[in-house]
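Visitor:
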Amino acid sequence: MNLKILQKKSLGCETEAMLLSVEDGEAYQVSICITRLEKPYYANQLYRIFAKLDEAQEFYEELCEMREQDE
């Protein structure tokens, strides 16, 4: 699977949102990634896949309005 990062934004000190193109635009993925993991084999993202770029872009922009919660 080929992924290309189209946009990336930090949501806090340990998370970022990414908008990716999958297989040269056949699909689009919006991911929430945890950037600091002690063990890299743990799952590090939640994601949603879209068929159209405009739908993915809208979801990505809504996601970017979120912020990490303080403990």
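Residue -9 is where the sequence shown starts when you use this note's numbering, and the numbers rise one by one after that.
The beta-carbon is built from N, C-alpha and C at its ideal position, and this holds for glycine as well.
#1: Can you tell me whether THR5 is buried or exposed, with buried defined as 16 or more other CB within 10 angstroms of its CB?
#2: So, helix, strand or coil for GLU48, using DSSP?
#3: Let me check understanding here. Comparing Cα to Cα, which of SER0, LEU10, ILE39 and PHE40 lies closest to ARG26?
#4: Quick one: residues in its chain with C-beta nearer than 6 Å to the C-beta of ARG38, no 5 flanking neighbours on either side, listed in chain order?
#5: Less than 8 Å between the beta carbons of LEU10 and ILE22, yes or no?
#6: Can you tell me which of ILE24, GLN(-3) and ALA46 puts its alpha carbon nearest to the alpha carbon of CYS3?
Guide: Taking the definition as stated:
#1: With 16 or more Cβ atoms within 10 Å of its Cβ, THR5 is classed as buried.
#2: If DSSP states are grouped into helix, strand and coil, GLU48 belongs with the helices.
#3: Residue SER0 holds the alpha-carbon nearest to the alpha-carbon of ARG26 among SER0, LEU10, ILE39 and PHE40.
#4: Around ARG38: VAL20.
#5: Pairing LEU10 with ILE22 gives a Cβ-Cβ distance that is not under 8 Å.
#6: The candidate whose alpha carbon is nearest that of CYS3 is ILE24.
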